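In my numbering, the protein residues as written are 57 to 354. In this text, a Cβ means the ideal position worked out from N, Cα and C, and glycines have one as well. Just so we're clear, the structure is a prediction, and the values are computed from it rather than from any experiment. Below is one structure, written out as structure tokens, with a few remarks after it.
This is the structure in structure tokens:
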């Protein structure tokens, strides 16, 4: 009887002892999964992807390929200039002119960034430049809506961002008729601003698509613009793509602060710093902004 009792006890205890390590392993695995799940809620970056053997899970691989395809599509998607002109005109700041860069098509635009920084030459030799369609206004602020490396970003966020900027700036400054620029890099805005005769140019441009965001809009501000200005002469507000990125109203307030600072300082660029982040933190609000000069190679 004693031998049977011992054997019975072993039969009961042994399975429990074997199960305990597995239970602990499952608990650790679940805790790790929950940790990465919680962390992923705070970022669009690819983190905590897991693995199947030595490789990524199939779902994660497919997600990566889909994001890569979306980024490529965003670069090559043609801008619907007609539709954009109607949306911009509806904002009440005039019918926007349309200017092209010297890059003849998308392929040349991607191969030759330098051509995207120059205005196209007019077919009419008497005119000399495609900038002749731009009226000289002498206004204080000029807006350029450029397709950049993500026409999709300009389509999705350009009109709403421009509306927020107009609402923020129109009560204080005179505003020129906007210009839409295609196959454009940031520096094309200097040529356009020179033709406008404006004191400050604000270029809204589609930023280079990434694997997390394919429709991010950037704003480049240049005070006293002229051909030959460099990225060191500009200020950038980037990552505009609500709800994940910076909101339209927040971006407009940052730009308004930079314009005010540039007018006081007499220049924009590396010497001009954005102070809206500090003000927002003082008010208990965290604002995500990008104020990196030349952060995106347009």
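Take residue i and list the residues in its own chain whose beta-carbon comes closer than 7 Å to its own, dropping the five residues that flank it on each side.
i	result
residue 172	157, 159, 165, 239, 240, 241 and 244
residue 317	328
residue 322	none
In three-state DSSP terms, what is residue i?
i	result
residue 96	helix
residue 165	helix
residue 290	strand
residue 243	coil
residue 175	strand
residue 222	helix
residue 132	helix
residue 255	coil
residue 231	strand
residue 301	coil
residue 194	coil
residue 146	coil
residue 156	strand
residue 103	coil
residue 270	coil
residue 262	strand
residue 189	helix
residue 280	coil
residue 326	coil
residue 108	strand
Looking at residue j and residue i, is the spacing between their C-beta atoms short of 8 Å?
i	j	result
residue 324	residue 286	no
residue 186	residue 177	yes
residue 246	residue 207	no
residue 153	residue 100	no
residue 202	residue 237	yes
residue 215	residue 141	no
residue 136	residue 211	yes
residue 271	residue 130	yes
residue 205	residue 266	no
residue 328	residue 314	yes
Cα separation between residue i and residue j?
i	j	result
residue 117	residue 294	28 Å
residue 170	residue 258	20 Å
residue 197	residue 326	20 Å
residue 96	residue 105	10 Å
residue 320	residue 330	13 Å
residue 221	residue 121	36 Å
residue 68	residue 115	Summary for residue 68: the model assigns pLDDT 48, below 50, so the residue's position carries little reliability; its value from the coordinates is reported in the next sentence. Going by the C-alpha atoms only, they are around 41 Å apart.
residue 255	residue 111	55 Å
residue 231	residue 195	6 Å
residue 132	residue 167	13 Å
residue 312	residue 292	12 Å
residue 289	residue 139	32 Å
residue 125	residue 298	21 Å
residue 148	residue 128	34 Å
residue 119	residue 94	19 Å
residue 150	residue 193	12 Å
residue 188	residue 281	18 Å
Under 8 Å Cβ to Cβ from residue i, same chain only, skipping five residues before and after it: list those, please.
i	result
residue 217	260, 273, 275, 296, 304, 307 and 308
residue 235	152, 153, 154, 155, 190, 198, 199, 200, 201, 248 and 252
residue 268	100, 101, 102 and 123
residue 300	100 and 269
residue 108	114
With a threshold of 6 Å on Cβ separation, who are the neighbours of residue i within its own chain once the five nearest residues in sequence on each side are excluded?
i	result
residue 92	104
residue 209	262, 271, 272 and 273
residue 134	none
For the ligand SAM, any of its heavy atoms closer than 7 Å to the Cβ of residue i?
i	result
residue 240	Although the ligand SAM was asked about, the structure shown includes no ligands whatsoever.
- Per the contact definition of three or more C-beta pairs closer than 8 Å, is the region 80-99 in contact with the region 221-236? no
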